[in-house]
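S.K.:
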Amino acid sequence: MPEQDLSFLAIATSRSVVLRAARIAAVVGLVLAIINHADTVLAGQTSATTLLKIAITFLVPYCVSTYSSVGAVREKMQTLAS
Numbered sequence: 009m010p011e012q013d014l015s016f017l018a019i020a021t022s023r024s025v026v027l028r029a030a031r032i033a034a035v036v037g038l039v040l041a042i043i044n045h046a047d048t049v050l051a052g053q054t055s056a057t058t059l060l061k062i063a064i065t066f067l068v069p070y071c072v073s074t075y076s077s078v079g080a081v082r083e084k085m086q087t088l089a090s
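Per my numbering, the sequence shown runs over residues 9 to 90.
1) Give the DSSP-derived three-state secondary structure of glycine 79 in the structure shown.
2) With distances taken from CA atoms, which of Gln86, Ala29, Asp47, Arg82 is nearest isoleucine 62?
3) With 16 other CB atoms within 10 Å as the buried threshold, where does glycine 79 fall?
4) Could you pull the start and end residues of the alpha helix (DSSP H) that threonine 21 belongs to?
5) So what does DSSP say about proline 10, is it helix, strand or coil?
6) Under the three-state reduction of DSSP, which class applies to alanine 46: helix, strand or coil?
Structure, rendered in structure tokens:
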């Protein structure tokens, strides 16, 4: 297998990895945002800082899912190559 096929960026930006990570981030991020920020939002005290924290709440599961998917794809590619 050529080294470029195992590039983190190439795998992380592939359609299947992006879609999987986005679905996971939507579900997990929503649950975490509700747990961590619902009281502030419902009280009408949402600030720019709160919105940034909510965005990061969605970004974290996206990154974790992407990292995990890249590892799984690399492992599968290496297994198929041997």
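The beta-carbon is built from N, C-alpha and C at its ideal position, and this holds for glycine as well.
Everything numeric in this text was worked out from a predicted model, so none of it was measured.
M.R.: Let's see:
1) Helix.
2) The residue with the shortest Cα to Cα distance from isoleucine 62 is Asp47.
3) For glycine 79, the number of other beta carbons within 10 angstroms of its own is below 16, and it is reported as exposed.
4) Threonine 21: not part of any alpha helix (DSSP H); DSSP gives it neither H nor E.
5) Bear in mind that the predicted position of proline 10 carries a pLDDT of just 49, short of 50, making it too unreliable to give a figure here.
6) When DSSP states are grouped into helix, strand and coil, alanine 46 belongs to the helix group.
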